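Notes to accompany the following structure.
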Amino acid sequence: MTVWTISEPKIGTLSQCVAVARHFDPHPIEKVVVPRRGLRRLFDPPLYTRSETAPSLIVSCGFRAEKRVVKAKEMFRVPMIVHLQPPVIPGYDLSFVSRHDWKPDFDRRPSYHPMIGVPHRFTETFWETRRQSARETYSADNARVVTVLLGGSNGAYAYDDNTHATIKRAVESLVGGGWKVLISVSRRSSADTLNAIGVLRSPQVEIWDRVGPNPYLEYMGAADAFLIAKDSVTMPCEALSTGKPVYILDITRIPGDRLAKFEWYHSDLQSTLSLTRPFEGTLTPYDYQSPDEALRISKIIEQTRGFQPVAAETAVAR
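The opening position of the sequence shown corresponds to residue 5 in our numbering, with each subsequent residue numbered one higher.
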């Protein structure tokens with residue numbers, strides 16, 4: 005079965021598509037829509053040609069992908085197209101919408117389905133196979149490990165001096181409590197944030213600051229708990245796949261519609277679904293059932309069109 009993903013170039017949109025697509029094709033064909041302006045658009049190679057093998061399924065994310073997907077459906081007579089956001093253009097067979105983006109009128113659309121956060125490529129089994137090696141690297145003395153995940157200002161939250169001070173206090177508190185701290189930044193992290201956390205580096209605090217290979221998978225696999233800043237939707241979802249406690253760090257808020265959406269998302273995870281908890285100075289173990297939205301979405305696709313999924317271990321290969 006041939007599956008395409010069509011997405012914007014952001015890794016967040018691409019990874020969502022691949023997470024779902026791999027349940028049907030271990031090696032989906034990844035097509036990326038790069039926005040161009042002016043005359044540069046005239047020199048872009050086509051995203052696909054009629055000579056290509058027709059896909060049985062297209063999974064897309066990002067509004068820039070939509071026109072290309074609908075056109076491909078007509079050109080190749082694709083049996084099913086699936087979008088992982090509320091689509092702007094009609095024509096999708098199924099649309100999966102994050103609960104924090106859900107609107108009342110979506111209840112009347114049978115092809116729309118809510119999802120927790122966003123789909124991703126990880127499962128508890130994925131982490132179990134990597135935990136021993138990661139622990140040998142980052143906790144040879146079997147110390148408790150907390151992985152701290154940081155992002156950047158995004159219109160809802162600001163990485164200002166107050167946020168940097170909040171991060172510093174949290175890390176110092178955890179070190180004082182006997183935790184080994186692994187800090188990872190993201191592509192959105194600013195130079196100011198890198199400088200602010202750089203002073204925290206110590207024998208008990210390791211920091212990946214975009215220098216050298218990214219140890220994200222190892223940091224995740226080694227963790228006994230997570231502390232994640234509020235500005236991300238994807239990172240809490242991925243951390244929840246480990247089955248380890250996930251605590252959310254409140255940072256400087258920027259009032260507005262974007263903040264309201266993020267705050268609803270975190271309230272949903274904490275109060276409604278009991279998946280994450282707010283950080284209040286300590287990390288206490290708790291139990292929850294890890295959601296697997298990529299698998300759940302694939303089952304809905306399977307039930308709708310009867311596509312045969314691949315083996316679970318193949319679907320989560322990375």
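Don't be surprised by glycine CBs; every beta carbon is placed ideally from N, CA and C. Source: prediction; values computed, not measured.
Distance check for C65 and V38, CA to CA, integer angstroms please.
13 angstroms
Just the Cα atoms here: how many angstroms apart are I201 and V185?
12 angstroms
Answer yes if the region 296-312 comes into contact with the region 179-199, meaning at least three C-beta pairs across the two stretches below 8 angstroms, and no otherwise.
no
In angstroms, rounded to a whole number, what distance separates the CA positions of F110 and L273?
21 angstroms
Measuring alpha carbon to alpha carbon, tell me which of Q307, F311, L244 ends up nearest R281.
L244
Of the residues P50, E210, A227, I120, which one's Cα is nearest the Cα of R134?
A227
Secondary structure at F266, three-state DSSP: helix, strand or coil?
helix
Contact check, L153 vs S188 under 8 angstroms by CB: the rounded distance?
Between L153 and S188, the beta carbon gap of about 6 angstroms places them in contact (Cβ cut-off 8 angstroms).
Please state whether DSSP places S188 in a helix, a strand or coil.
strand
Within the same chain, show all residues whose beta-carbon is closer than 8 angstroms to that of T308, passing over the 5 residues directly before and after it, in chain order.
Cβ neighbours of T308 beyond the five flanking positions: M84, D97, L98.
Distance check for H117 and V86, CA to CA, integer angstroms please.
Within the model, the alpha-carbon separation for V86 versus H117 is close to 11 angstroms.
Taking all protein chains shown into account, decide if Q20 is buried (16 or more other Cβ within 10 angstroms of its Cβ) or exposed.
buried
Please list the terminal residues of the continuous alpha helix (DSSP H) segment that includes T151.
For T151, there is no enclosing alpha helix (DSSP H); the enclosing beta strand (DSSP E) has its first and last residue at 149-153.
With burial defined as no fewer than 16 other Cβ atoms inside 10 Å of the residue's Cβ, what is the status of R322: buried or exposed?
Summary for R322: the model assigns pLDDT 43, below 50, so the residue's position carries little reliability; its value from the coordinates is reported in the next sentence. Result: exposed.
Does DSSP classify T127 as helix, strand or coil?
coil
Can you tell me the Cβ-Cβ gap for P32 and W8, rounded? I've got them flagged as a contact below 8 angstroms.
Contact check for P32 and W8: beta-carbon distance about 6 angstroms, within the 8 angstroms limit, so the pair qualifies.
Tell me the rounded alpha-carbon separation between N218 and G155.
15 angstroms
For the beta strand (DSSP E) that contains A323, what are its first and last residues?
For residue 323 there is no data in the structure shown, the boundaries of the chain being 5 and 322.
Going by Cα to Cα distance, which pick from F283, W268, H168 is closest to L277?
W268
Pairs of beta-carbons, one from the region 168-179 and one from the region 244-260, closer than 8 angstroms: are there three or more?
Contact holds: three or more Cβ-Cβ distances are below 8 angstroms.
Keeping to the same chain, check which residues put their C-beta closer than 8 angstroms to that of V314; ignore five residues upstream and five downstream.
Once the five neighbours on either side are set aside, the close Cβ partners of V314 are R26, H27, F28, D29, P30.
Leaving out five residues before and five after T141 in sequence, what residues of the same chain have Cβ atoms less than 8 angstroms from its Cβ?
E222, A226
Alpha carbon to alpha carbon, what distance is there between P249 and A76?
42 angstroms
Return helix, strand or coil for R322, following the three-state DSSP convention.
At R322, the pLDDT of 43 sits below 50, so the modelled position is not reliable and the matter cannot be decided from this model.
Extract the residue ranges of the alpha helix (DSSP H) inside the region 23-88, only unbroken runs of 4 or more that lie entirely within it.
70-80
With distances taken from CA atoms, which of V92, S60, S177, A144 is nearest M79?
S60
On the DSSP bridge list, what partners appear for S99?
DSSP output for S99 lists H87, Y116 as bridge partner(s).
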